[in-house]
Structure formats: structure tokens, C-alpha cells
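Mapping to numbering that gives the first Met the number 0: the sequence shown position 420 is 419, numbers consecutive. C-beta atoms are modelled at their ideal positions from N, C-alpha and C, and glycine is treated no differently. Computed from a prediction, not measured in an experiment: that's the story for all the values here. Working notes, beginning with the structure itself.
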Amino acid sequence: MIKSCSAYHQKTSYARYALKDQVLDWDHPPDLYKTYPVKNRIPLPKVDTLPKADLWHLVQDRSKKKLDPDFDLNFFSQIFLLSYSITARIRYPGHDFYYRTVPSAGALYPSEIYLCTYPIGNTEPGLYHYGIRSQRLTPLRLSDLRDFVATASGIRNYQGLAATFFITGNFFRSAWKYRARAYRYVLLDSGHLVENILLALKSTSVAFTIHYNFKDHELEHLIGLDHKRESCLACIHCWGKEIPSGDGEKNPASLSPEIIGACRVSSHEMIYREIVEIHEAGIKLPGFSSIQVPMIQKIGVSPGEWIQFSVPEKRIRKANYSQAVLYRRSRRNFTKKILSRDTFGNLLSLLFSQFEADLPKTQEFSFPICIGFLAGNIEGWRPGFYLLDLENRKTGLVRPGVFTENMASVCLEQNWLGNAAVHFLFLTNLEAIDRMWGGGYRYTMITSGKLGQMIYLGATALGIGCCGIGALYDDEAKALLGLNKESRLLYLVASGPVRSVEYFD
Ligand SMILES: Cc1cc2nc3c(=O)[nH]c(=O)nc-3n(C[C@H](O)[C@H](O)[C@H](O)COP(=O)(O)O)c2cc1C
Numbered sequence: 000m001i002k003s004c005s006a007y008h009q010k011t012s013y014a015r016y017a018l019k020d021q022v023l024d025w026d027h028p029p030d031l032y033k034t035y036p037v038k039n040r041i042p043l044p045k046v047d048t049l050p051k052a053d054l055w056h057l058v059q060d061r062s063k064k065k066l067d068p069d070f071d072l073n074f075f076s077q078i079f080l081l082s083y084s085i086t087a088r089i090r091y092p093g094h095d096f097y098y099r100t101v102p103s104a105g106a107l108y109p110s111e112i113y114l115c116t117y118p119i120g121n122t123e124p125g126l127y128h129y130g131i132r133s134q135r136l137t138p139l140r141l142s143d144l145r146d147f148v149a150t151a152s153g154i155r156n157y158q159g160l161a162a163t164f165f166i167t168g169n170f171f172r173s174a175w176k177y178r179a180r181a182y183r184y185v186l187l188d189s190g191h192l193v194e195n196i197l198l199a200l201k202s203t204s205v206a207f208t209i210h211y212n213f214k215d216h217e218l219e220h221l222i223g224l225d226h227k228r229e230s231c232l233a234c235i236h237c238w239g240k241e242i243p244s245g246d247g248e249k250n251p252a253s254l255s256p257e258i259i260g261a262c263r264v265s266s267h268e269m270i271y272r273e274i275v276e277i278h279e280a281g282i283k284l285p286g287f288s289s290i291q292v293p294m295i296q297k298i299g300v301s302p303g304e305w306i307q308f309s310v311p312e313k314r315i316r317k318a319n320y321s322q323a324v325l326y327r328r329s330r331r332n333f334t335k336k337i338l339s340r341d342t343f344g345n346l347l348s349l350l351f352s353q354f355e356a357d358l359p360k361t362q363e364f365s366f367p368i369c370i371g372f373l374a375g376n377i378e379g380w381r382p383g384f385y386l387l388d389l390e391n392r393k394t395g396l397v398r399p400g401v402f403t404e405n406m407a408s409v410c411l412e413q414n415w416l417g418n419a420a421v422h423f424l425f426l427t428n429l430e431a432i433d434r435m436w437g438g439g440y441r442y443t444m445i446t447s448g449k450l451g452q453m454i455y456l457g458a459t460a461l462g463i464g465c466c467g468i469g470a471l472y473d474d475e476a477k478a479l480l481g482l483n484k485e486s487r488l489l490y491l492v493a494s495g496p497v498r499s500v501e502y503f504d
């Protein structure tokens with residue numbers, strides 16, 4: 000029985016799971032689009048103009064002035080377009096494949112978005128599923144659910160609650176390929192999506208809060224999720240003008256078996272015990288909300304000296320925020336070309352700013368990640384393994400040396416990674432995470448995904464390549480970096496000059 004994230008990681012490390020020899024069941028792949036047996040789906044209006052904001056300004060913007068938009072279909076359509084929409088098509092004999100605004104391990108897209116609207120806005124109050132391919136909202140409940148959602152997500156004063164986005168993860172979509180290890184990817188993928196939604200909301204200047212700590216089974220009941228197959232991983236509340244609570248539903252009835260059955264995405268679907276156990280462990284475990292000592296002091300390595308980071312004077316931009324979202328792709332054709340000091344400095348400044356901007360919204364938990372990077376070929380940076388002190392905007396060299404090629408072989412011999420100028424590393428001490436509140440693992444992995452999305456967007460805006468890497472031998476990565484026995488590399492994001500980054504009009 001898996002009760003901790005340390006145990007789950009051990010059980011699903013690639014050294015034990017010989018996934019390379021695995022044969023995929025191509026006769027029964029998961030359906031990447033959910034369809035509900037519901038009529039009257041509502042088309043989302045076309046978005047005419049997109050925000051022209053600079054990504055860095057958007058991330059740094061901490062102004063208290065918030066707008067109170069109409070919360071109508073135009074508003075939601077823009078949020079969906081900028082967070083989770085189709086951006087590219089590839090034609091195969093007999094079928095087309097569509098890429099999305101977010102990356103996804105194996106392009107299996109386990110994330111779904113549900114939207115709750117309340118009497119405050121200009122959309123009929125209810126619960127809707129967002130159809131990414133159809134660009135339609137499917138109504139699943141049409142009633143005022145504000146009381147129920149607020150209680151289930153632990154909100155006391157909810158008079159200004161205007162809309163809620165629920166981000167769910169469908170386990171089998173990813174487990175079809177990655178089996179029990181898939182839970183890691185479902186969480187990382189959803190982190191990428193969460194960051195996109197937060198940026199999209201920020202670009203409209205609406206007030207919002209993000210929540211990872213909620214009554215899981217109550218939200219699953221509300222959304223109609225079969226909790227062994229799909230679960231709610233994060234919820235984002237939007238806030239508008241205050242109106243007193245009305246006669247909202249206190250106990251919404253169960254949705255029909257047909258609606259709940261839509262969580263099943265393949266006729267040959269398997270439920271992986273390890274995934275159900277680690278997910279349930281996250282619900283049940285008590286724990287503390289914070290880690291007393293910053294994560295940077297808990298991974299077993301530290302730099303000899305910390306150097307203050309200064310934001311480069313040269314501002315490099317090839318694309319604005321909206322363009323970065325829509326042009327983002329995983330690019331693997333890294334050249335061995337040097338990454339300029341300014342471009343790298345711009346990218347680092349984005350990570351520091353994201354950390355600072357996120358703080359007020361995540362104050363209920365300590366920051367669960369330590370960010371490091373392997374400098375391969377960066378102008379002015381000695382090759383080596385570095386850590387970031389996010390709070391004090393410092394960088395420190397832990398160990399000099401060229402590690403990117405060794406890391407490429409640790410990443411299941413994805414040797415092209417050796418050509419990337421930099422590998423960003425998201426590290427954590429799993430035992431410390433186990434001692435956090437039950438959902439600590441979810442929060443940690445989603446945070447890694449959020450950071451990864453920021454690097455993808457920053458790299459795209461700077462005209463360099465980027466690719467997230469979840470396939471790695473856990474123990475070998477730990478050994479290469481010299482981490483202590485409880486710590487692990489959770490996710491790696493490679494970046495650097497590539498042969499080309501295309502921008503379209
Ligand atoms: C959590 C995660 C893990 C990933 N791991 C790998 C990997 O190990 N190797 C790789 O080449 N791509 C990896 N990717 C990139 C996906 O393959 C890519 O996102 C997907 O094919 C969709 O393509 P796109 O990002 O260009 O839209 C990963 C992406 C995510 C989000």
C-alpha cells in the first residue's frame with residue numbers, strides 16, 4: 000500500500016520499471032477528447048483581439064487595481080484560448096493530430112477544464128465542461144452552485160465569487176503509456192495548464208485565487224468524476240463585485256451514470272492501484288502546511304558562494320505574451336551554439352519574478368521546490384551545476400563541470416539533450432514533502448509544471464528552444480547531482496538555441 004510520495008517515487012522509478020520494453024496497446028488508445036451525451040452545447044465566441052502585454056511585465060505586475068469584467072462568454076472564450084486551445088495540426092494517413100497551448104508528456108493531454116459560473120456574471124449559472132476541439136461549453140448542471148463550491152473549497156466569504164475553473168486530470172490517458180508512473184506526468188501537465196490559466200486571468204486584470212486544498216470527494220461529486228479515473232487537482236476562483244448569497248444548491252444531486260461514465264476514455268481501460276493509492280494518500284494524510292527549513296537547505300548540496308543576480312539591461316523579445324502562448328512548442332533540435340548572457344539573464348529574471356509574484360497566492364504552503372540548473376554552453380557562465388536562491392535573487396555554483404551530456408544519458412539516453420545550452424532542474428526532498436499537508440505531493444508537482452510552463456513561454460518569447468523532460472532514471476539523476484537520499488530530480492526543462500523557432504502571423 001503506497002502511503003507517501005517517497006514510496007510512490009521508489010515504486011515508479013524507471014530503473015525498476017523497464018518501460019522501454021513496454022508494448023503500447025495501439026488498438027485501444029485513450030480518447031484525448033471528452034464527449035458528453037448532452038445536447039445544447041454552447042459555442043464559444045471567436046476572440047478578435049488578444050492582449051499585447053509583454054510576458055515579463057505581466058508576470059511582474061502586482062498592481063492591486065482589479066477590473067470587474069462581465070464574466071460573459073467573450074471573457075471565458077479569451078481565457079480558454081490563451082490557456083488551453085489547439086495551436087497546430089499534423090496530418091497522418093487517416094487521421095489528424097492536434098497540438099495544444101500546453102506541452103504534455105507523450106502528447107496524451109490528461110487535463111480537462113470545467114467551469115462554474117454563478118448568478119454574479121453574465122453567463123447562465125451552472126457547471127460546464129470546456130470542449131477544446133469543439134470550442135463549446137457542455138452544460139452539466141444549470142443551477143447556482145456557489146454555496147456548495149465555496150464550502151467544498153474552504154472559502155468562507157464568497158460574496159464576490161464570480162466564476163471557478165476546475166482543472167482535472169484523467170489518469171488513464173497518461174497511464175496508457177506510462178502506467179503507474181503516469182501520476183507524476185498528470186500532475187506536471189496540469190501545472191503547465193494552471194500557469195497558463197493564471198497568466199490568462201492576469202492579462203485581463205481580474206482578481207483570482209488558486210486552491211490546491213479542497214474537499215476532493217465533494218468536488219468530484221459536483222463535477223461528476225469517477226475518482227479512480229479522474230480527479231480534480233486545482234481550482235481557480237475569479238472574484239468580482241459582491242452580491243449576497245441567494246438560494247444556492249446546498250446538496251446537488253449525483254450526475255447521471257452516463258455523465259460520470261465519460262471519465263472512461265478507452266474500452267480497454269486499466270486502473271493502476273499505485274495511482275489510486277498515492278492520490279488517496281494525498282487526500283487522507285494529515286500534516287503540516289509548511290516546511291520549516293527552505294527546500295534549498297534540504298537537498299544535500301549547496302554552493303560555496305552565492306552571487307547576487309542582476310537583471311540584464313538588454314531586453315530581448317521576439318514575441319509578446321499571447322504570441323508566446325500560441326507559438327509555444329517543444330523544440331528538440333538544439334544546436335551547440337552558445338546561449339547569450341543576456342538571453343539567459345532574461346530567462347532567469349522571469350523565474351525570479353514568477354516566484355515573487357506567486358508568493359501571496361501560495362502563502363498557505365512553503366515553496367516546495369529548489370530550482371537548479373546545469374550550465375552547458377552559456378556565455379559568461381562557467382559550466383556546472385548551480386542552484387537559485389529565489390528569495391534573495393542569488394545564484395550559486397555547486398560543482399563545476401560539463402554535466403549536460405551525462406544528464407542526457409540519465410534522461411533515458413535522449414542524447415539530443417546534450418546539445419542544449421542549459422537544463423533547468425526542479426528538485427525536492429520527498430520526505431519533507433511527505434510531512435506537509437496531504438496534498439503536498441500534488442502541490443509540489445503542479446508547482447514544477449507551472450515553473451516549466453514559464454520557461455517554455457519565456458524561451459518562446461526570447462526566440463530559443465525548450466523541451467520538458469519527465470523521462471529520467473531517478474536514482475542516476477540523484478547520483479549525478481549528488482543529492483541526499485531523500486531528494487529527487489522531479490522534472491527537467493532543457494533550453495537553448497535551436498535551429499529555428501517559427502512565428503506565424
Ligand atoms: C511532463 C512532461 C514530460 C515530458 N517529457 C518528455 C521527454 O522525456 N522527452 C521528450 O522528448 N519530450 C517530453 N515532453 C514534451 C512532450 O513530448 C510534448 O509536450 C508533446 O509531444 C506535445 O508537443 P508540444 O509540446 O510541441 O506541443 C514532456 C512534456 C511534459 C509536459
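Item	Value
Taking only three categories from DSSP, how would you classify L389?	coil
Just the C-alpha distance for Q452 and R392, rounded to the nearest angstrom, thanks.	20 Å
Under 8 Å between the Cβ atoms of R172 and P42?	no
For F96, is the classification buried or exposed, using 16 other Cβ atoms within 10 angstroms of its Cβ as the cut-off for buried?	exposed
Start and end of the beta strand (DSSP E) containing V324?	Premise fails: V324 lies in the alpha helix (DSSP H), 320-326, not in any beta strand (DSSP E).
In angstroms, rounded to a whole number, what distance separates the CA positions of I1 and K38?	41 Å
Hey, how far is the Cα of L80 from the Cα of N483?	42 Å
Considering only heavy atoms of ligand 1, does any lie closer than 7 Å to the CB of S329?	yes
Report the CB separation of L387 from G457 in whole angstroms; it is logged as a contact under 8 Å.	Incorrect: roughly 14 Å between the Cβ atoms, too far for contact.
Run the proximity test for R99: is its beta-carbon closer than 7 Å to any non-hydrogen atom belonging to ligand 1?	yes
For E111 and Y455, I'd like the C-alpha separation in whole angstroms.	20 Å
Going by the C-beta, is S408 closer than 7 Å to any heavy atom of ligand 1?	no
Quick check: what's the CA-CA separation for P138 versus T116?	11 Å
Any idea what DSSP makes of A87, helix, strand or coil?	strand
Identify which residue in S486, G439, G344 has its Cα closest to the Cα of W55.	G344
Which one of E378, L389, Y326 has the shortest CA to CA distance from A356?	L389
Give the straight-line distance between the Cα atoms of R331 and I468, rounded to the nearest whole angstrom.	11 Å
Within its chain, find whatever has a CB closer than 6 Å to the CB of D225; leave out the 5 residues flanking it on each side and keep chain order.	I259, C262
With 16 other CB atoms within 10 Å as the buried threshold, where does T48 fall?	exposed
Taking C-beta to C-beta, are V101 and S352 nearer than 8 Å?	no
With distances taken Cα to Cα, identify the nearest neighbour of A318 among A460, P311, E273.	A460
Determine the DSSP secondary structure at Q362, reduced to helix, strand or coil.	With a pLDDT of 48 at Q362, under the threshold of 50, the predicted position of this residue should be treated as unreliable, and no value is reported.
By alpha-carbon positions, which one of L187, R155, Y91 ends up nearest to Y108?	L187
Is I468 near ligand 1, judged by its Cβ being under 7 Å from some heavy atom?	yes
Find out if the Cβ-Cβ distance for the pair G481, V300 is shorter than 8 Å.	yes
Could you please give the first and the last residue of the uninterrupted beta strand (DSSP E) stretch that includes G371?	369-374
Check the DSSP bridge columns for R140 and list the partner residues they point to.	L126
Among the residues of its own chain, which have a CB less than 6 Å from the CB of L31, if the five just before and after it don't count?	Y108
Is it the case that the segment 188-207 contacts the segment 118-131, given that we only count it when at least three CB pairs across the two stretches are under 8 Å?	no
Is A174 helix, strand or coil when you go by DSSP?	helix
Which runs of the beta strand (DSSP E) spanning at least 3 residues fall entirely within the segment 153-213, listed in chain order?	160-169, 206-210
Could you tell me if V185 is buried or exposed, where buried requires 16 or more neighbouring beta carbons within 10 angstroms of its beta carbon?	buried
Rounded to a whole number of angstroms, what is the C-alpha to C-alpha distance between P243 and M294?	42 Å
Considering only their Cβ atoms, is the gap separating I445 from G190 smaller than 8 Å?	yes
Apart from the five residues on each side of it in sequence, which residues of its chain come closer than 8 Å, Cβ to Cβ, to Q362?	Its pLDDT being 48, under 50, Q362 is placed unreliably by the model, and the measurement read from it follows with that caveat. Excluding positions up to five away in sequence, the list is empty.
Among Y472, L396, S348, which residue has its Cα nearest to the Cα of L488?	Y472
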